[in-house]
Amino acid sequence: MRKVCLPVIIAAFFLGACSNTPTQEQVDITHIPHDKSTIKHTPGSTTAKKPSANQSDDTAGGNDNVEYDDIWVRIQQNLTIPRNLTHPSTQSKLKFYSTKQQFMDRVAERARPYIYHIVEELEKRNMPLDLALLPIVESAYQPFARSPRRASGIWQFIPGTGKHYGLKQNAWYDGRRDIVVATDAALNYLQKLHNDFDGDWLLALAAYNAGEGNVGRAVTQSVGKGKNGDFWSLQLKNETMGYVPSLMAVAEIISNPQKYNISLKPVPNRPYFEIVDTGSQIDLATVSKLTGLSMEEIYILNPGFNKWATDPDGPHHLLVTVGTAATFRQQLATLPQHERMQWQMVEIRNGDTLGSIANRYRTDVNTIKEINNLKTSHIRAGRTLLIPVSRQPLDQYTLSQDARSFSNLARSGDGQSFTYTINRGDTLWDIGQSYRVTVEQLYAWNGLNKNSILSPGKKLTLWTNKEAEVMPVVAHTAKPEKQQHITYTVKQGDSLWRIARRYGVSVDQLQKWNGLNKRSTLRPGQSLDIFAGTPLADV
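First residue of the sequence shown? That's 301 in our numbering, and the numbers climb one at a time after it.
1. Based on Cα-Cα distance, which residue from 389, 370, 383 and 367 lies nearest to residue 787?
2. Pull up the CB-CB distance for residue 830 and residue 790, whole angstroms please, since I reckon it's below 8 Å.
3. Can you look up residue 755 in the DSSP assignment and give me helix, strand or coil?
4. What residue range does the alpha helix (DSSP H) around residue 371 cover?
5. For residue 337, collect the residues of the same chain with a Cβ closer than 6 Å to its Cβ; drop the 5 residues on either side in sequence, then sort them by chain order.
6. Would residue 687 be called buried (16 or more neighbouring beta carbons within 10 Å of its own) or exposed?
7. Going by DSSP, name the residue or residues bridged to residue 617.
8. Near residue 582, which residues of its chain fall below 6 Å by C-beta distance, leaving aside the five closest residues on each side in sequence?
9. Can we count residue 478 as close to the ligand FMN, meaning its CB is less than 8 Å from some heavy atom?
10. In this structure, does DSSP put residue 384 in helix, strand or coil?
11. What is the DSSP secondary structure of residue 566, counted as helix, strand or coil?
12. For residue 439, which of 638, 754, 404 and 663 has the nearest alpha-carbon?
13. Go ahead and pull the three-state DSSP assignment for residue 680.
14. Buried or exposed for residue 496, going by 16 or more other Cβ atoms inside 10 Å?
15. If you draw a straight line from the alpha carbon of residue 524 to that of residue 384, how long is it in whole angstroms?
16. Reducing DSSP to helix, strand and coil, say where residue 645 ends up.
17. For residue 502, I'd like the list of residues in its chain whose CB is within less than 6 Å of its CB, leaving aside the five on either flank, ordered along the chain.
18. Comparing alpha-carbon positions, which option in 571, 480 and 534 lies nearest residue 369?
19. I need the DSSP call for residue 469, collapsed to helix, strand or coil.
20. Taking the runs of the alpha helix (DSSP H) that are 4 residues or longer, which of them lie wholly in the segment 469 to 536?
21. Could you round the C-beta distance between residue 731 and residue 760 to whole angstroms and report it? I think they count as a contact, below 8 Å.
22. Per DSSP, what kind of secondary structure is residue 668 in: helix, strand or coil?
23. Is it the case that the Cβ atoms of residue 557 and residue 371 are separated by a distance below 9 Å?
24. Drop a sphere of 10 angstroms on the beta-carbon of residue 478, count the other beta-carbons inside from all chains shown, and report buried for 16 or more, exposed for fewer.
25. Given this structure, state the Cα-to-Cα distance separating residue 591 from residue 636, to the nearest angstrom.
26. In or out: residue 561 buried (at least 16 other Cβ within 10 Å) or exposed?
27. How long is the line joining the alpha carbons of residue 677 and residue 646, rounded to whole angstroms?
28. Give the straight-line distance between the Cα atoms of residue 282 and residue 630, rounded to the nearest whole angstrom.
29. Residue 466 to residue 563, Cα distance in whole Å?
30. Taking only the alpha-carbon atoms, compute the straight-line gap between residue 614 and residue 422 and give it to the nearest angstrom.
31. Using DSSP's beta-bridge definition, name the partner residues of residue 688.
32. Could you check what DSSP says for residue 446 in three-state terms: helix, strand or coil?
33. Helix, strand or coil for residue 738? Go by DSSP, reduced to three states.
34. So, at 8 Å on beta carbons, what are the nonlocal neighbours of residue 798 in its own chain, with the 5 sequence-adjacent residues on each side left out?
35. I'd like to check one pair, residue 415 with residue 441: are the Cβ atoms closer than 9 Å?
36. According to DSSP, what are the bridge partners of residue 787?
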């Protein structure tokens, strides 16, 4: 998702005037029949709204109550955004996704904790359940996904858009990754776009990707050329023109998996988590102990928290599995305040700054100042500071911002560490490029920060694994996934070899994914599908 542009949509009235004039491409749009005979009814399963036969395609609710065991069936029966299956872009995306059984399996597993909540929120707002599939296109339902444009979370908010929609972002917490608040923000944004574009979901989706200003101008240009201003008539970047067909393709495959030889892993149509009010900051190791959930499960449910504890300034809520919520609430009610967090008296050393101390103990300057009633950042050697510290070694917080990426490979047995000796003239960026790791990872592995000085002869610890040689590492992502879908726009001077090297894939893979061969010619502006991180042997 790109930064939100907020100019007035000049073409608003054109949208209403032209929406009733279908193009030839729109004639072959597919709608999902709602046949009650195909729906399984089981006592005790979740009741969901089902569209009535006379309901508008732009809504997702209805008057009939239907019970579903599987969330995919619930979604299948309530897909309402029209799908143009004859358009070449949609055909290309269908061909692409229909060969990705393993990808769909991973998506189902990653979506399992979240998708019921998203479907419930969509139905409360009377929005199409197609939008529950949007995180598949945006992030493959990876809660720690981060794009080169710094978009983050399953809904891929960039920092500016996230702040505009109330998503707090600081050293302790990133609301763009918080499943509950980011979903609320994403649906607010999508509803706004839907209203801005006169109820046209295709234009709203395009604007979610490209920005409403860009889409509004493209609509105005389309109408000015005598076209009808619908999505298919627009001139937008290839990424956006492939984005909407991607959602159509995913929705079509979810709707008709057998037709495309795809098997959908069942996901129970029932709540996975409950929200528990913690009241104040708490160490996530304590949460793990009280709930019996692993540290990884805690972070998967609460990916918004960057560190080993919740944000001292809130939000003071945590998601825990349904089966652990009641006990967790009871134990929290009697938990002494001193057991929520662990504190340490730290003596200030010569040369220390609040920044260096904060980095050493994985906290932040503002927290140290607030706890110690410091009005300035000036500190004096020999004095002491009260610092919040983790109850467990930092590497036990498996998906914290510090531990994410390759540092958790040591515990899984898949990783390999080695020592690098700094040479004169080295920079962390150079070292990271050489070993395909990020500067942020080097910081975390070696207790460094942006002010650290590299001295020739100093030793650095690096982690790598067997996939590292072929997989580009994205800063602050979870442990590497084998496949992450990227749409790449060919630039002047590009070659398949250069693109393959940039994304850590092979030329053979690029050719296979895009129907190319050795004689194919690349054209500037051409769109290529890339699954970054696919092992070279998988071709």
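By construction, the Cβ of each residue, glycine as well, lies at the ideal position given by its N, Cα and C atoms.
The answer reads as follows:
1. Ranking 389, 370, 383 and 367 by Cα distance to residue 787 puts 389 first.
2. Distance from residue 830 to residue 790 at the Cβ level is roughly 11 Å; contact not present, criterion being Cβ atoms closer than 8 Å.
3. When secondary structure is reduced to three states using DSSP, residue 755 falls in the coil class, being assigned neither helix nor strand.
4. For residue 371, the uninterrupted alpha helix (DSSP H) run begins and ends at 371 to 376, by DSSP.
5. With a pLDDT of only 28 at residue 337, under the threshold of 50, the placement of this residue in the model should not be trusted; the figure read from the coordinates follows. Excluding its 5 nearest sequence neighbours in each direction, residue 337 has no C-beta neighbour in its own chain below 6 Å.
6. With a 10 Å radius around the Cβ and a threshold of 16 neighbouring Cβ atoms, residue 687 comes out buried.
7. DSSP, once it has assigned bridges, lists 577 as partnering residue 617.
8. For residue 582, where only same-chain residues beyond five positions count, the Cβ hits under 6 Å are 610 and 640.
9. This structure does not include the ligand FMN; it has no bound ligands of any sort.
10. Residue state, collapsed to three classes: strand.
11. Three-state DSSP puts residue 566 in coil, outside helix and strand.
12. When only C-alpha atoms are compared, the closest one is 404.
13. Collapsing the DSSP output to three states places residue 680 in coil.
14. Buried, because 16 or more other Cβ atoms sit within 10 Å of the Cβ of residue 496.
15. In a straight line, the C-alpha of residue 524 is about 24 Å away from that of residue 384.
16. Taken through DSSP and simplified to helix, strand or coil, residue 645 comes out as strand.
17. Exclusion of the five residues before and after residue 502 leaves 531 and 544 as the residues of its chain whose Cβ lies within less than 6 Å of its Cβ.
18. When the alpha-carbon of residue 369 is set against those of 571, 480 and 534, the nearest one is in 571.
19. Strand.
20. Those alpha helix (DSSP H) runs which fall completely within the segment 469 to 536 and span 4+ residues are 479 to 496, 501 to 510 and 512 to 524.
21. Between residue 760 and residue 731 the Cβ distance is about 7 Å, and since that is below 8 Å, they are a contact.
22. If DSSP states are grouped into helix, strand and coil, residue 668 belongs with the helices.
23. Taking 9 Å as the cut-off, the beta carbon of residue 557 is found no closer than this to the beta carbon of residue 371.
24. Counting Cβ neighbours within 10 Å, residue 478 comes out buried, since at least 16 surround it.
25. Across the structure, residue 591 and residue 636 are spaced so that their CA atoms are roughly 16 Å apart.
26. With fewer than 16 other Cβ atoms within 10 Å, it is exposed.
27. Whole-angstrom Cα-Cα distance: 16 Å.
28. Outside the modelled stretch of the chain, which goes from 301 to 839, sits residue 282, for which no answer is possible.
29. Rounded to whole angstroms, the gap between the alpha carbons of residue 466 and residue 563 is 38 Å.
30. Rounded to whole angstroms, the separation of the alpha carbons of residue 422 and residue 614 is 26 Å.
31. Beta-bridge pairing links residue 688 to 643.
32. Strand.
33. DSSP, read as helix, strand or coil, puts residue 738 in coil.
34. None.
35. In this structure, residue 441 sits near residue 415, with a CB-CB distance shorter than 9 Å.
36. 829, per the DSSP bridge assignment.
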